[in-house]
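A.B. asks:
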Amino acid sequence: MSTNASVPETDIVMKDNDSLESEDTAAMRKALRNKILAIGRVSRMFSVLRDEAENVEKLRNYSGGVLPRGALLGGSEEIRRSISTFEEARRADLKNEAMPPLREDVHKQDDARARDLREQIDKEVSNVQQFRNSPRQYSTSSIKK
Numbered sequence: 454m455s456t457n458a459s460v461p462e463t464d465i466v467m468k469d470n471d472s473l474e475s476e477d478t479a480a481m482r483k484a485l486r487n488k489i490l491a492i493g494r495v496s497r498m499f500s501v502l503r504d505e506a507e508n509v510e511k512l513r514n515y516s517g518g519v520l521p522r523g524a525l526l527g528g529s530e531e532i533r534r535s536i537s538t539f540e541e542a543r544r545a546d547l548k549n550e551a552m553p554p555l556r557e558d559v560h561k562q563d564d565a566r567a568r569d570l571r572e573q574i575d576k577e578v579s580n581v582q583q584f585r586n587s588p589r590q591y592s593t594s595s596i597k598k
């Protein structure tokens with residue numbers, strides 16, 4: 454009988470099993486790590502909800518009933534920044550949100566502008582030397598008094 458110095462087949466199979474187990478273990482560790490990180494994020498969101506309930510409600514109202522994506526993950530600072538951004542936009546848009554002026558008010562404003570324009574023209578014409586001696590004739594028939 455000859456003694457063969459080769460590795461028995463069972464040792465090769467065991468080494469393959471060990472490598473498979475180590476890959477499975479690494480995958481399980483990675484999955485567990487991801488779960489722990491996800492739980493941490495959810496925990497942070499709930500603590501932000503508890504601490505900033507009033508600001509979260511205000512932000513929800515500003516954004517049409519739905520919180521902007523990632524607002525809770527950003528923490529209190531992100532919520533405050535979002536609220537200030539919405540308030541700035543709202544302030545800028547207040548003029549657009551106003552009721553249109555009444556027709557009477559528009560006519561009064563137009564009349565006042567026309568009157569001011571006529572007065573300004575009269576002042577400028579009276580200040581110019583060449584027009585002082587010539588008669589001032591211009592038609593005001595198209596301008597209401």
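Start counting the sequence shown at 454; every next residue gets the next number (the numbering used here). Beta carbons: idealized from backbone N, C-alpha and C, even for Gly.
#1: DSSP three-state call for R534: helix, strand or coil?
#2: Do you know how far the Cα of K576 is from the Cα of A551?
#3: Which residues bound the alpha helix (DSSP H) around R566?
#4: Rounding to the nearest angstrom, what Cα-Cα distance links D564 and I536 in this structure?
#5: How should A524 be labelled, buried or exposed, when 16 other C-beta atoms within 10 angstroms of its C-beta is the threshold for buried?
#6: Is the beta carbon of E507 less than 7 Å from the beta carbon of I532?
#7: DSSP state of E476, grouped into three classes?
#8: With 16 as the cutoff for other CB atoms within 10 Å, does L547 come out buried or exposed?
C.D. replies: Reading off the structure:
#1: Helix.
#2: A straight line joining the alpha-carbon of A551 with that of K576 spans about 36 Å.
#3: Here the alpha helix (DSSP H) through R566 covers R556 to N580.
#4: Between D564 and I536, the C-alpha separation is close to 42 Å.
#5: It counts as buried.
#6: In this structure, E507 lies away from I532, with their beta-carbon atoms at least 7 Å apart.
#7: It is helical.
#8: With fewer than 16 Cβ atoms within 10 Å of its Cβ, L547 is classed as exposed.
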